Amino acid sequence: MELLLYVGGLLIFLLLWMRAKGFEYVIVHHRWIFVCLFLLPLSVIFDVYYYARAWLVFKMCSAPKQHDRRVKDIQDQVRQWKAEGGKNFMCTGRPGWLTVSLRVGKYKNTHKNIMINLMDILEVDTKRQVVRVEPLVNMGQVTALLNSIGWTLPVVPELDDLTVGGLIMGTGIESSSHNFGLFQHICLAYELVLADGSLVRCTPTENSDLFYAVPWSCGTLGFLVAAEIKIVPAKKYVKLHYTPVKGLEKICEKFSRESKNKENYFVEGLVYSADEAVIMTGVLTDEAQAGQVNRIGQYWKPWFFRHVESYLKNNRDGTEYIPLRHYYHRHTKSIFWELQDIIPFGNHPVFRYFFGWMVPPKISLLKLTQGETIRKLYEQHHVVQDMLVPMKCLQKAITAFHSEISVYPLWLCPFILPSHPGMIHPKGNEAELYVDIGAYGEPKTKHFDAKGSMRRLEKFVRDVHGFQMLYADCYMSREEFWDMFDGALYQKLRGKLNCNNAFPEVYDKICKAARH
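Given below as structure tokens:
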């Protein structure tokens, strides 16, 4: 009783203090208070609701019955827009703050919003090894269901809240991508509602131009209403080996060699400074050695990137067995390492044991409550970027990142890029090994200037025939953008499907001007 009174009194004191200081002051200077008191509990409620709903819908088999009706409703909305003269571009009616991307574009306020309420897993066909899902299904839903019946996706992008639609219309990657490619490369079919309200299915052999043009198009060719994705048998554990490496040349050589080794099911690197990193390689297994299982997904466990860093600090190799789903979402608790800037004490054992079960706060709620002041601070003093460069350019790329932004850790994730039609492909006619370099955090370079520094990094990426993930801040001009990406097939489909008056061009949707 005394403890409850103490906690209640403390909460009242904090609320009075927040009222005295002002809401914006607290949000900007002590954001952790607002996050811990409000956003963490709200995030738990969100998760419980959506997971319970997804489980019930799938068990009751109501999703397939509702799907056709919901798609027809989307078609009716598009046809109504057309009948009314189609004066404004169309976009999905999903609020911008609900997306994992940091971008909240103004186009939602000026375009015709088409409501798309498609968030269910429709079918798991183990004979064909295919799962059919709606676009708002997220990775947390997919792995929870598939792993429970002994299956998984070949590529499971990190973070629970990433949706299938976002991963197709944008892109997605994971540490198995050196074998399977990007998320788009494990997709077998897309179903879209086009600008005229018609429903079309596309595969590599049926409407193939559209199939290859959809990835990276950011919803500017049509509305995705379903996707068929390859699934593979799952195993219980990932046998993960940690190797600390010092010296930039050795880091790049080790990472490149392990990425080319097809026996490695997973390959990942965390670069902690310009010449220190830990390279991780993993294989799937059903057996684990006693005493070596690390259930890193348990809420009281240290944040994964800090756990990995311990191997570097102790200068030792190590091997662990991690439950498969724990591995897939190893960076979710700490939102990679972004949460340390929001809750500085979040990895402290006391916080983890008492409040770790509520972590992480929903990215969508963080966006919704950030306010204009924090948004501008983040824009000028924070970097969230993923740049995809050829593996042969890794050493130059890390040097360029260090020179321009000096953000650590850097996330290294290899992937094979097939020579397929579409917006991204290798310079030659053969598949090529690339690497995603993820930079998330506060730049430490004294000369950092958001626009200038990022434009120089973008130029470096263009010069080595690399690509920038489109969820992030893009400072390129239209000409520079289409120098980075191959727009030939995309523009061809835009004309053929009458998209030019129905949807904005992808550049206009993701460029900086669309965010203010």
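Here the sequence shown is numbered in the UniProt record's numbering, starting from 1 and rising by one per residue. We treat Cβ as the ideally placed atom computed from N, Cα and C, and that holds for glycine. Predicted, not measured: the structure shown is a model, and the values here were computed from it.
Task: Sub-7 Å separation of Leu-388 and Phe-467 beta-carbons - done: As a first step, residue 388 must be located in the sequence shown, where it is residue number 388. As a first step, residue 467 must be located in the sequence shown, where it is residue number 467. Yes. Within cutoff.
Open item on the list: Rounding to the nearest angstrom, what Cα-Cα distance links Leu-412 and Leu-497 in this structure?
Closed with: Reading the sequence shown from its first residue, position 412 is the one you call residue 412. Reading the sequence shown from its first residue, position 497 is the one you call residue 497. Going by the C-alpha atoms only, they are around 38 Å apart.
- [ ] Please classify Arg-132: is it buried, with 16 or more other beta-carbons within 10 angstroms of its beta-carbon, or exposed?
- [x] Translated into positions along the sequence shown, residue 132 becomes position 132. By the 10 Å Cβ count, Arg-132 comes out buried.
Open item on the list: Which of the three DSSP states is assigned to Ser-273 in this structure?
Closed with: Taking the first residue of the sequence shown as 1, we reach residue 273 at position 273. Of the three classes helix, strand and coil, the one that applies to Ser-273 here is strand, per DSSP.
- [ ] Can you give me the Cβ contacts of Pro-361 inside the same chain, cut-off strictly under 7 Å, excluding the 5 residues immediately before and after it?
- [x] One-based indexing of the sequence shown puts residue 361 at position 361. These residues qualify, in order along the chain: Val-35, Leu-39, Leu-40, Ser-43.
- [ ] On the DSSP bridge assignment, give the partners of Lys-112 in chain order.
- [x] Counted from its first residue, the sequence shown places residue 112 at position 112. DSSP lists Met-90 as partners of Lys-112.
- [ ] List the endpoints of the continuous beta strand (DSSP E) containing Thr-205.
- [x] The sequence position of residue 205 within the sequence shown is 205, counting from 1. No beta strand (DSSP E) holds Thr-205; DSSP gives it neither H nor E.
Task: Classification of His-516 by the beta-carbon crowding that lies within 10 angstroms, buried from 16 upward - done: Mapped onto the sequence shown, residue 516 falls at position 516. Annotation note: pLDDT 42 at His-516 (below 50); position unreliable, no value reported.
Task: Secondary structure of Leu-386, DSSP reduced to three states - done: Numbered from 1 along the sequence shown, position 386 holds the residue referred to as residue 386. As written in the sequence, residue 386 is Asp, which differs from the Leu given in the question. Three-state result, Asp-386: strand.
Task: Backbone CA spacing between Ala-439 and Ser-175 [nearest angstrom] - done: Locating residue 439 in the sequence shown gives position 439, counting from the first residue. Locating residue 175 in the sequence shown gives position 175, counting from the first residue. Straight through space, the alpha carbons of Ser-175 and Ala-439 are spaced by roughly 16 Å.
- [ ] Using beta-carbon positions only, say whether Phe-223 and Val-200 come within less than 7 Å of one another.
- [x] Working through the sequence shown from its first residue, we reach residue 223 at position 223. Working through the sequence shown from its first residue, we reach residue 200 at position 200. Not closer than 7 Å, so no.
Task: Closest residue to Val-435 among Pro-390, Arg-455, Lys-427 (Cα-Cα distance) - done: As a working note, residue 435 is residue 435 in the sequence shown. If you compare the alpha carbons of Pro-390, Arg-455, Lys-427 with that of Val-435, the shortest gap goes to Pro-390.
Open item on the list: Could you compute how far the alpha carbon of Lys-446 sits from the alpha carbon of Lys-313?
Closed with: What you label residue 446 is simply residue 446 of the sequence shown in a count that begins at 1. What you label residue 313 is simply residue 313 of the sequence shown in a count that begins at 1. Spanning the alpha carbons of Lys-446 and Lys-313 requires a straight line of approximately 27 Å.
Task: Nearest-angstrom Cβ-Cβ length linking Arg-456 and Glu-404, presumed shorter than 8 Å - done: Residue mapping note: residue 456 aligns to position 456 of the sequence shown, counting from 1. Residue mapping note: residue 404 aligns to position 404 of the sequence shown, counting from 1. At roughly 6 Å, the Cβ-Cβ gap stays under 8 Å, so Arg-456 and Glu-404 are in contact.
Open item on the list: So, with DSSP's three-state summary, where would you put Pro-244?
Closed with: For the purposes of this step, residue 244 is taken as residue 244 along the sequence shown, with counting starting at 1. Here Pro-244 sits in strand by DSSP.
TODO: For Pro-302, name the three-state secondary structure that DSSP assigns.
DONE: The residue you call residue 302 lines up with position 302 of the sequence shown. Looking at Pro-302 - three-state DSSP - the assignment turns out to be coil, as it is neither helix nor strand.
Open item on the list: Is the beta carbon of Asn-113 closer than 7 Å to that of Gly-140?
Closed with: Taking the first residue of the sequence shown as 1, we reach residue 140 at position 140. Taking the first residue of the sequence shown as 1, we reach residue 113 at position 113. No. Outside cutoff.
Task: Coil, strand or helix - Tyr-440 by DSSP - done: As a position in the sequence shown, residue 440 is number 440, starting the count at 1. Tyr-440: strand per DSSP, three-state reduction.
- [ ] Just the C-alpha distance for Ala-277 and Gly-269, rounded to the nearest angstrom, thanks.
- [x] For the purposes of this step, residue 277 is taken as residue 277 along the sequence shown, with counting starting at 1. For the purposes of this step, residue 269 is taken as residue 269 along the sequence shown, with counting starting at 1. Going by the C-alpha atoms only, they are around 7 Å apart.
Open item on the list: If distances are taken between C-alpha atoms only, which option among Asp-120, Ala-274, Leu-365 comes closest to Lys-396?
Closed with: The residue given as residue 396 occupies position 396 in the sequence shown. Cα-wise, what sits closest to Lys-396 is Ala-274.
Task: Distance between Asp-161 and Leu-365 (C-alpha atoms, nearest Å) - done: As a first step, residue 365 must be located in the sequence shown, where it is residue number 365. As a first step, residue 161 must be located in the sequence shown, where it is residue number 161. Taking the straight line joining both Cα atoms gives about 12 Å.
Open item on the list: Within 10 Å of its beta-carbon, does Ala-290 have 16 or more other beta-carbons around it, so buried, or fewer, so exposed?
Closed with: Position 290 of the sequence shown holds residue 290. That one is exposed.
Task: Span separating the alpha-carbon of Asp-120 from that of Leu-248 - done: Counting from one through the sequence shown, the residue named residue 120 turns up at place 120. Counting from one through the sequence shown, the residue named residue 248 turns up at place 248. Taking the straight line from one Cα to the other gives about 45 Å.
TODO: Check each candidate in His-329, Ser-208, Val-48, Ile-416 and name the one with the smallest Cα separation from Ser-256.
DONE: Position 256 of the sequence shown holds residue 256. For the residues His-329, Ser-208, Val-48, Ile-416, the minimum Cα distance to Ser-256 belongs to Ile-416.
Open item on the list: Quick check: the Cα distance between Glu-320 and Met-280, rounded to an integer number of angstroms?
Closed with: Taking the first residue of the sequence shown as position 1, residue 320 is located at position 320. Taking the first residue of the sequence shown as position 1, residue 280 is located at position 280. Between Glu-320 and Met-280, the C-alpha separation is close to 11 Å.
- [ ] Sort out for me which residues DSSP pairs Gln-141 with in a bridge.
- [x] The residue given as residue 141 occupies position 141 in the sequence shown. Answer by DSSP bridge pairing: none, since Gln-141 is not bridged.
- [ ] Compute the Euclidean distance between the alpha carbons of Asp-76 and Lys-376, then round it to the nearest angstrom.
- [x] Within the sequence shown, the letter at position 76 stands for residue 76. Within the sequence shown, the letter at position 376 stands for residue 376. Whole-angstrom Cα-Cα distance: 39 Å.
Task: Reduced DSSP category for Gly-282 - H, G, I as helix; E, B as strand; rest coil - done: Residue 282 sits at position 282 when you count from the first residue of the sequence shown. In the three-state reduction of the DSSP assignment, Gly-282 falls in the strand class, which pools E and B.
Task: Segment limits, beta strand (DSSP E) that includes Glu-174 - done: In the sequence shown, counting from the first residue as 1, residue 174 sits at position 174. Per DSSP, Glu-174 belongs to no beta strand (DSSP E) and is neither H nor E.
Task: Buried or exposed (CB count within 10 angstroms, at least 16 for buried), Glu-309 - done: Stepping through the sequence shown from its first residue, residue 309 is reached at position 309. Counting Cβ neighbours within 10 Å, Glu-309 comes out buried, since at least 16 surround it.
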